[in-house]
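Taking the numbering used here, the leading residue of the sequence shown gets 1, the next gets one more, and so forth. Just so you know, even glycine gets a beta-carbon here, dropped at the ideal spot from N, CA and C. As C-alpha cells, the structure follows; a few thoughts come after it.
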Amino acid sequence: MSMISLGDLAQSFLLRRSMGAVKSSIATLSQEVTTGRAADTARHLRGTLGPLAALDRSLSQLSAYARTTTDMQVRASATQTALGTLATQADALSTDLLAVSAGQTGTLTALGNRAEQGFLSAVAALNTSIGGSALFSGMAVDQPPLIAGEALLSRIVAVTNGASTARDAANALEVWFEDPAGFATEAWRGAAAGGGVPIAAGETARLDVTALDPELRETLKGLALGALINRSDQTSPDARAAFAGFAGEGLLAARSGLATLQGRVARVEGQIAEAQSRNSSESSALQIARTSMVAVDDYDAATRLSDAETRLETLYAVTARLSSLSLTEYLR
C-alpha cells in the first residue's frame with residue numbers, strides 16, 4: 001500500500017486555506033443569523049430571481065408614490081391655507097363694508113385701510129411658495145403668479161382714476177380684471193395649470209388652482225374696490241361710501257366661489273390621503289413577502305454556525321499541535 005505524504009510548506013498552505021474557508025463561512029453564517037436573511041440571495045433562491053426582481057420593482061414604484069404624495073399633501077395643505085386667508089379677508093370685511101354710510105368718515109377710512117391690507121395679504125398668500133415652488137402659478141412654479149401687492153394696487157388705482165363716478169371706476173376695474181390685456185397681462189406671471197400627477201397605480205391627482213381663476217380674481221377685485229375708499233381720486237363721502245358698497249357686494253358674491261375652490265382642494269387632499277393609506281398597506285405586504293422570500297431558517301443557520309466554529313477551533317488545535325513538533329518529539 002502506497003502512502004502519500006505532504007511537505008511542511010504544502011501542509012501549512014492547506015491549513016491556511018481550510019482556515020480561511022471556515023472563517024468566511026462563519027462570517028456569512030453570522031450575518032444570516034443576525035439579519036435572518038440569506039447572504040447569497042441568488043444561491044438561496046436557486047437562481048430564480050424573477051419574482052424577487054418583480055417585488056423590488058413594485059416597492060421602488062411605491063416609494064416614488066410615497067414621495068409624490070407627501071409633496072402633494074404639503075402643497076395641498078398650503079393651498080388650502082392660502083385660500084383660507086382670502087376667505088377670512090372676504091368674511092371679515094364684507095358685512096362691515098355693506099353697513100357703513102357716507103357720514104361715517106372715520107369708519108370709511110378705517111375700512112379702506114383694512115381692505116388695502118387685506119388686498120396685500122391676499123396677494124402675498126397667492127404668491128406663496130413651498131420649497132421654491134409657487135403654489136398658484138400653474139406650471140410656471142419657478143416664479144410667483146402675481147406682481148407684488150403694492151405694484152398691483154398702484155396699477156388698479158391708475159386704471160380707475162379719472163373715472164367720472166365711483167360706478168364708472170368700478171366698471172373700469174371690472175373690465176380690467178376680465179380683459180385678457182388687463183389683469184391677465186399686466187398682473188399675471190404664471191402659466192396654465194399642470195396636469196395630473198401619479199399618486200398610485202392607475203391613479204392621478206391634480207392641484208390645478210391658479211391665481212388666474214375667476215373665483216380668486218373676484219376676491220381680489222372686491223378687496224381692491226375697498227382699497228379705493230382711500231386710494232381713489234374721488235374723495236367725496238358719497239363716492240367713498242359707494243366704493244365700500246361695491247366692495248362689500250363683490251366680496252359677498254366671491255365667497256361662494258372661494259368655498260368651491262376650498263372644496264375642490266379638500267377633495268384632492270382626501271384623494272391623496274386614501275392613496276397614501278393604500279400604498280402604505282401594499283408596501284407593507286410586499287415587504288413581508290420579500291422578507292419571507294429571502295429569509296433563512298434561524299435554527300438551521302445557528303446550527304451550521306456552531307458547526308463552523310467547532311471546525312475552526314479544531315483547525316486551531318491541529319495547527320498548534322503541528323507547530324510544536326520537533327525531531328526530538330518525533331523520535332520519542
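Supposed close pair residue i, residue j - CB separation, criterion 8 Å
| i | j | result |
| --- | --- | --- |
| residue 224 | residue 166 | No, residue 224 and residue 166 are not in contact; Cβ-Cβ is about 13 Å, not under 8 Å. |
| residue 81 | residue 265 | Not confirmed; about 10 Å, so no contact. |
| residue 69 | residue 276 | 5 Å |
Which listed residue (the options) has its alpha carbon closest to that of residue i
| i | options | result |
| --- | --- | --- |
| residue 147 | 275, 281, 184 and 111 | 184 |
| residue 232 | 169, 65 and 140 | 169 |
| residue 113 | 198, 129, 252 and 153 | 153 |
| residue 268 | 286, 252 and 198 | 198 |
| residue 253 | 220, 272 and 284 | 220 |
| residue 189 | 212, 204, 178 and 174 | 212 |
| residue 144 | 159, 156 and 128 | 128 |
| residue 46 | 210, 73, 293 and 303 | 293 |
Where the alpha helix (DSSP H) through residue i begins and ends
| i | result |
| --- | --- |
| residue 88 | 50-99 |
| residue 198 | Per DSSP, residue 198 belongs to no alpha helix (DSSP H); it is in the beta strand (DSSP E), 197-200. |
| residue 205 | No alpha helix (DSSP H) holds residue 205; the beta strand (DSSP E) holding it covers 203-205. |
| residue 123 | 105-126 |
| residue 176 | 166-178 |
| residue 235 | Unbroken run through residue 235: none, as it is neither H nor E. |
| residue 160 | 149-160 |
| residue 183 | 183-186 |
Burial state of residue i, where buried means 16 or more other Cβ atoms lie within 10 Å
| i | result |
| --- | --- |
| residue 164 | exposed |
| residue 259 | exposed |
| residue 255 | buried |
| residue 57 | exposed |
| residue 244 | buried |
| residue 333 | Since the displayed the chain opens at 1 and closes at 332, residue 333 lies outside it and no answer follows. |
Rounded C-alpha distance that separates residue i from residue j
| i | j | result |
| --- | --- | --- |
| residue 282 | residue 195 | 26 Å |
| residue 192 | residue 122 | 21 Å |
| residue 97 | residue 250 | 10 Å |
| residue 215 | residue 278 | 33 Å |
| residue 1 | residue 288 | In this prediction, residue 1 scores a pLDDT of 46, lower than 50, which makes its location untrustworthy; the coordinate-derived value is nonetheless stated afterwards. Distance between the alpha carbons of residue 1 and residue 288 is about 60 Å. |
| residue 88 | residue 226 | 15 Å |
| residue 50 | residue 63 | 20 Å |
| residue 120 | residue 149 | 5 Å |
| residue 95 | residue 151 | 27 Å |
| residue 270 | residue 208 | 15 Å |
| residue 156 | residue 54 | 59 Å |
| residue 103 | residue 229 | 13 Å |
Chain D within 7 Å of residue i, Cβ atoms only
| i | result |
| --- | --- |
| residue 293 | The question asks about chain D, but that chain is absent: this structure has only one protein chain. |
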